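Chemist: Per numbering that gives the first Met the number 0, the sequence shown runs over residues 0 to 385.
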Amino acid sequence: MAVKPLAGVTVLEMGTFITGPAAGMLLADLGADVIKVEQPGTGDPFRSFKGGLYSPHFQTYNRNKRSITIDPKQPDDLALLDRLVSTADVFIQNFRPGVADRLNVDAARLHGINPALVYASISGFGSEGPDRDRPAFDTVAQAASGFLRLLVNPEHPRVVGPAIADAMTGFYTALGILAALNERHATGNGRVVETSMFEAMCHFNLDDFTHLLSADQVMGPYSRPHVSQSYVFQCADGKWLALHMSSPPKFWENLATAVDHPDMLTLPAFESREARIAHYEDVVAFLAPIFATRARSEWADVLTGLEVPNSPVLDSAEVLATEQAKVLGIEVTDPDGPHGAFRTIRFPLSFDGERMDSVTAPPVLGADDADIRRSIERPDHGTRRG
Numbered sequence: 000m001a002v003k004p005l006a007g008v009t010v011l012e013m014g015t016f017i018t019g020p021a022a023g024m025l026l027a028d029l030g031a032d033v034i035k036v037e038q039p040g041t042g043d044p045f046r047s048f049k050g051g052l053y054s055p056h057f058q059t060y061n062r063n064k065r066s067i068t069i070d071p072k073q074p075d076d077l078a079l080l081d082r083l084v085s086t087a088d089v090f091i092q093n094f095r096p097g098v099a100d101r102l103n104v105d106a107a108r109l110h111g112i113n114p115a116l117v118y119a120s121i122s123g124f125g126s127e128g129p130d131r132d133r134p135a136f137d138t139v140a141q142a143a144s145g146f147l148r149l150l151v152n153p154e155h156p157r158v159v160g161p162a163i164a165d166a167m168t169g170f171y172t173a174l175g176i177l178a179a180l181n182e183r184h185a186t187g188n189g190r191v192v193e194t195s196m197f198e199a200m201c202h203f204n205l206d207d208f209t210h211l212l213s214a215d216q217v218m219g220p221y222s223r224p225h226v227s228q229s230y231v232f233q234c235a236d237g238k239w240l241a242l243h244m245s246s247p248p249k250f251w252e253n254l255a256t257a258v259d260h261p262d263m264l265t266l267p268a269f270e271s272r273e274a275r276i277a278h279y280e281d282v283v284a285f286l287a288p289i290f291a292t293r294a295r296s297e298w299a300d301v302l303t304g305l306e307v308p309n310s311p312v313l314d315s316a317e318v319l320a321t322e323q324a325k326v327l328g329i330e331v332t333d334p335d336g337p338h339g340a341f342r343t344i345r346f347p348l349s350f351d352g353e354r355m356d357s358v359t360a361p362p363v364l365g366a367d368d369a370d371i372r373r374s375i376e377r378p379d380h381g382t383r384r385g
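Right, dumping it as structure tokens:
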């Protein structure tokens with residue numbers, strides 16, 4: 000990435016699994032020097048995979064970082080960590096409440112070393128309340144925040160989709176860190192930035208709560224698709240096509256032309272937005288057999304030509320093969336990764352037209368032990384960067 004807005008910012012990330020590492024990765028993608036502090040021998044538990052310590056899960060959230068192994072329970076290692084803290088800008092941890100105190104990396108002690116430190120603490124359910132000590136993982140946080148029920152088909156209940164709660168908590172944490180860093184320019188003081196997976200997902204589920212609080216409406220898994228008039232249809236080749244029709248009449252008029260049923264909008268189920276919402280299943284029943292008559296690529300060409308909002312439901316390999324992904328440089332590679340070429344998806348923001356066009360593969364455990372320890376001994380180590 001040619002432009003690095005967070006260049007000069009040093010982040011110590013004592014994160015495991017997803018929430019903490021995701022926050023650290025976002026800052027690293029923006030140019031911060033993120034040092035991942037890991038337990039000697041095992042490192043982040045997310046590393047473990049088929050007898051090794053470089054799982055695809057770990058790779059997802061740990062690019063553009065350095066790794067040092069430190070056991071804060073050992074006096075010499077704690078002293079080493081304290082030296083790193085003394086010149087760091089940010090410290091991230093996602094331990095359960097109380098663990099940071101036991102490891103001597105609680106906010107009060109670290110602020111005693113470095114009052115300008117932005118200290119980010121992530122938990123499952125927050126630092127107080129009856130659920131404070133409950134273990135929280137992605138599905139638990141999705142369910143507890145009311146979000147999971149919006150994803151589950153009640154006729155075939157199964158947990159589906161990626162680790163949304165974990166990833167979104169990391170996003171909110173990074174946002175809070177950036178806000179605190181900005182404030183520090185004026186005050187010179189650090190902050191304790193706290194969030195939990197529960198709080199993050201309640202906010203991410205804002206539309207659901209807004210409907211409850213403003214209209215006394217409890218949403219369900221079909222509420223938004225019905226209102227937004229969103230559909231998925233299987234085509235003749237077995238592939239899926241998505242439509243998001245929204246409200247403009249021209250979309251529906253053009254769809255009627257595309258499916259060769261110009262009188263479609265005179266049918267009771269199609270005659271108005273309110274009718275289509277009320278008779279959603281009837282709309283699906285009418286259109287599904289039509290879409291089953293032609294291949295997905297044919298439908299996509301016809302619909303796109305008529306400016307009907309649509310997209311093939313692509314898998315990840317298909318996405319990267321599209322011309323749009325190639326033109327935008329969505330995939331980036333580190334040819335010198337520790338286990339061969341490391342391929343990933345670039346950071347989505349551009350600055351003055353410049354994108355993240357390169358990446359550093361996630362580090363193997365302790366990859367930067369020697370370099371970081373040497374840097375601590377340099378006379379200029381006491382000078383803050385950032």
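For every residue, glycine included, the Cβ atom is placed at its ideal position computed from N, Cα and C. None of the values given here were measured: they were computed from a predicted structure.
So is threonine 382 buried or exposed if we call it buried at 16+ other beta carbons inside 10 Å?
Modeler: Indexing the sequence shown from 1 puts residue 382 at position 383. Any reading at threonine 382 must be qualified, since the residue scores a pLDDT of 45, below 50, and its modelled position is unreliable; the value itself is stated next. With fewer than 16 Cβ atoms within 10 Å of its Cβ, threonine 382 is classed as exposed.
Chemist: Give the single residue among Gln228, Ser227, Leu205, His110 whose Cα lies nearest to the Cα of glycine 187.
Modeler: Residue numbering aside, residue 187 sits at position 188 when the sequence shown is read from its first letter. Answer by Cα proximity: His110.
Chemist: The beta strand (DSSP E) that contains valine 331, what's its start and end?
Modeler: Along the sequence shown, read from residue 1 onward, the residue named residue 331 stands at position 332. Counting along the chain, the beta strand (DSSP E) containing valine 331 begins and ends at 330-333.
Chemist: Going by DSSP, what residue range makes up the alpha helix (DSSP H) through lysine 249?
Modeler: As a working mapping, residue 249 is identified with position 250 in the sequence shown. Looking at the DSSP string, the run of the alpha helix (DSSP H) that includes lysine 249 is 248-257.
Chemist: On the DSSP letters alone, give me the boundaries of the alpha helix (DSSP H) that lysine 325 sits inside.
Modeler: As a working mapping, residue 325 is identified with position 326 in the sequence shown. Its alpha helix (DSSP H) spans residues 322-326.
Chemist: By the three-class DSSP mapping on this structure, what secondary structure does valine 2 have?
Modeler: Translated into the one-based positions of the sequence shown, residue 2 becomes position 3. Three-state DSSP puts valine 2 in coil, outside helix and strand.
Chemist: Kindly list the residues whose CB is nearer than 7 Å to the CB of glycine 385, restricted to its own chain and excluding five residues on each side of it in sequence; keep chain order.
Modeler: The residue you call residue 385 lines up with position 386 of the sequence shown. Note that glycine 385 has pLDDT 39, beneath the 50 cutoff, so the model's placement of it is unreliable and no number is given.
Chemist: Express the C-alpha separation of serine 85 and asparagine 63 in angstroms, rounding to a whole number.
Modeler: In the sequence shown, the residue the question calls residue 63 occupies position 64. In the sequence shown, the residue the question calls residue 85 occupies position 86. The straight-line gap from Cα to Cα measures roughly 22 Å.
Chemist: Would you mind sorting arginine 373 into buried or exposed? The rule is 16 or more other CB atoms within 10 Å of its CB.
Modeler: Here the question's residue 373 lines up with position 374 in the sequence shown. Result: exposed.
Chemist: Measure the C-alpha to C-alpha separation of alanine 277 and aspartate 215 and round it to an integer number of angstroms.
Modeler: Numbered from its first residue, the sequence shown carries residue 277 at position 278. Numbered from its first residue, the sequence shown carries residue 215 at position 216. The straight-line gap from Cα to Cα measures roughly 19 Å.
Chemist: Identify, in the order they occur along the chain, each residue of the same chain with its Cβ nearer than 6 Å to the Cβ of valine 231, setting aside the five sequence neighbours on each side.
Modeler: By 1-based counting over the sequence shown, the position of residue 231 is 232. Around valine 231: Trp239, Ala241.
Chemist: According to DSSP, is leucine 305 helix, strand or coil?
Modeler: What you label residue 305 is simply residue 306 of the sequence shown in a count that begins at 1. Coil.
Chemist: As an exercise, report each continuous alpha helix (DSSP H) stretch of at least 4 residues that is fully enclosed by the region 144-231, in chain order.
Modeler: Whole alpha helix (DSSP H) segments, 4+ residues: 163-186, 196-203, 205-214, 222-227.
Chemist: Under 8 Å between the Cβ atoms of glycine 398 and glutamate 12?
Modeler: Lying outside 0 to 385, the shown extent of the chain, residue 398 is not represented and no answer is given.
Chemist: Would you list the one or two residues that DSSP bridges to valine 89?
Modeler: By one-based count along the sequence shown, residue 89 stands at place 90. Its beta-bridge partners are Val10, Val117.
Chemist: Buried or exposed: asparagine 152, going by 16 or more other Cβ atoms within 10 Å of its Cβ?
Modeler: Taking the first residue of the sequence shown as 1, we reach residue 152 at position 153. Exposed, since its Cβ has fewer than 16 Cβ neighbours within 10 Å.
Chemist: Does the distance from the CB of alanine 42 to the CB of leucine 52 come in under 8 Å?
Modeler: In the sequence shown, the residue the question calls residue 42 occupies position 43. In the sequence shown, the residue the question calls residue 52 occupies position 53. In the sequence as presented, alanine is not what sits at residue 42; that position holds glycine. Closer than 8 Å, so yes.
Chemist: Where alanine 360 and leucine 319 are concerned, what is the direct C-alpha to C-alpha distance, given to the nearest angstrom?
Modeler: Numbered from its first residue, the sequence shown carries residue 360 at position 361. Numbered from its first residue, the sequence shown carries residue 319 at position 320. Those two C-alpha atoms are separated by around 19 Å.
Chemist: Just to confirm my understanding: we take valine 217, look at its own chain, exclude 5 residues before and 5 after, and list those with CB closer than 7 Å. What are they?
Modeler: Taking the sequence shown and counting its residues from 1, one reaches residue 217 at position 218. Same-chain partners within the cutoff: Leu211.
Chemist: Given a cut-off of 8 Å on the beta-carbon distance, is the pair aspartate 130 and phenylalanine 124 in contact?
Modeler: Taking the sequence shown and counting its residues from 1, the one referred to as residue 130 is at position 131. Taking the sequence shown and counting its residues from 1, the one referred to as residue 124 is at position 125. Yes, these two residues count as a Cβ contact at 8 Å.
Chemist: May I have a chain-ordered list of the beta strand (DSSP E) segments no shorter than 3 residues that lie completely inside the region 37-66?
Modeler: If we require 3 residues or more, the region 37-66 turns out to have no beta strand (DSSP E) run fully inside it.
Chemist: Checking the sheet assignment: what are the DSSP bridge partners for lysine 72?
Modeler: Walking along the sequence shown from the start, residue 72 turns up at place 73. Looking at the DSSP assignment, lysine 72 forms no beta bridge with any residue, so it has no partner.
Chemist: Apart from the five residues on each side of it in sequence, which residues of its chain come closer than 6 Å, Cβ to Cβ, to serine 122?
Modeler: For the purposes of this step, residue 122 is identified with residue 123 of the sequence shown, where counting begins at 1. So the list reads Pro96, Ser195, once near-sequence residues are dropped.
Chemist: Would you kindly work out how many angstroms separate the C-alpha atoms of leucine 5 and leucine 26, rounded to a whole number?
Modeler: The residue given as residue 5 occupies position 6 in the sequence shown. The residue given as residue 26 occupies position 27 in the sequence shown. Approximately 7 Å, taken between the alpha carbons.
Chemist: Residues bridged to threonine 15 by DSSP?
Modeler: On the sequence shown, position 16 is the one that residue 15 refers to. Threonine 15 pairs with nothing; no bridge assigned.
Chemist: Which residues does DSSP list as the beta-bridge partners of arginine 342?
Modeler: For the purposes of this step, residue 342 is identified with residue 343 of the sequence shown, where counting begins at 1. Note: arginine 342 sits in a beta bridge opposite Thr332.
Chemist: Starting from the C-beta of glycine 328, find all residues in its chain whose C-beta is less than 7 Å away, skip the five residues before and the five after it, and write them out in chain order.
Modeler: Looking up residue 328 in the sequence shown gives position 329. Answer for glycine 328: Arg345, Arg354, Asp356, listed in chain order.
Chemist: Spatial neighbours of alanine 179 within its chain, please: C-beta separation below 6 Å, excluding the five flanking residues on both sides.
Modeler: Mapped onto the sequence shown, residue 179 falls at position 180. Cβ neighbours of alanine 179 beyond the five flanking positions: Val117, Arg190, Val192.
Chemist: Please work out which residues of its chain come closer than 6 Å, Cβ to Cβ, to alanine 143, disregarding the five sequence neighbours upstream and downstream, and give them in chain order.
Modeler: Position 144 of the sequence shown, counting from 1, holds the residue named residue 143. So the qualifying residues of the chain are Phe197.
Chemist: When DSSP labels each residue in this structure, what does phenylalanine 124 get in the three-state scheme?
Modeler: Stepping through the sequence shown from its first residue, residue 124 is reached at position 125. Coil.
Chemist: Assuming phenylalanine 250 contacts proline 308 under a Cβ cut-off of 8 Å, what Cβ separation, rounded to an integer in Å, is found between them?
Modeler: Counting from one through the sequence shown, the residue named residue 250 turns up at place 251. Counting from one through the sequence shown, the residue named residue 308 turns up at place 309. The Cβ separation is near 6 Å, so the contact holds.
Chemist: Could you tell me whether the Cβ atoms of alanine 166 and isoleucine 17 are closer together than 8 Å?
Modeler: Reading the sequence shown from its first residue, position 167 is the one you call residue 166. Reading the sequence shown from its first residue, position 18 is the one you call residue 17. For alanine 166 and isoleucine 17, yes; Cβs fall inside 8 Å.
Chemist: Starting from alanine 241 and walking both ways along the beta strand (DSSP E), at which residues does that stretch end?
Modeler: Your numbering for residue 241 matches position 242 in the sequence shown. Alanine 241 -> beta strand (DSSP E) spans 239-243.
Chemist: Measuring only the C-alpha atoms, how far is aspartate 206 from histidine 243?
Modeler: The residue given as residue 206 occupies position 207 in the sequence shown. The residue given as residue 243 occupies position 244 in the sequence shown. Spanning the two alpha carbons is a distance of roughly 18 Å.
Chemist: Near valine 98, which residues of its chain fall below 7 Å by C-beta distance, leaving aside the five closest residues on each side in sequence?
Modeler: Mapped onto the sequence shown, residue 98 falls at position 99. Counting only Cβ-Cβ distances below 7 Å, and skipping sequence neighbours, we find nothing.
Chemist: Please state the DSSP three-state secondary structure of serine 310.
Modeler: Within the sequence shown, residue 310 is the residue found at index 311, counting from 1. Of the three classes helix, strand and coil, the one that applies to serine 310 here is strand, per DSSP.
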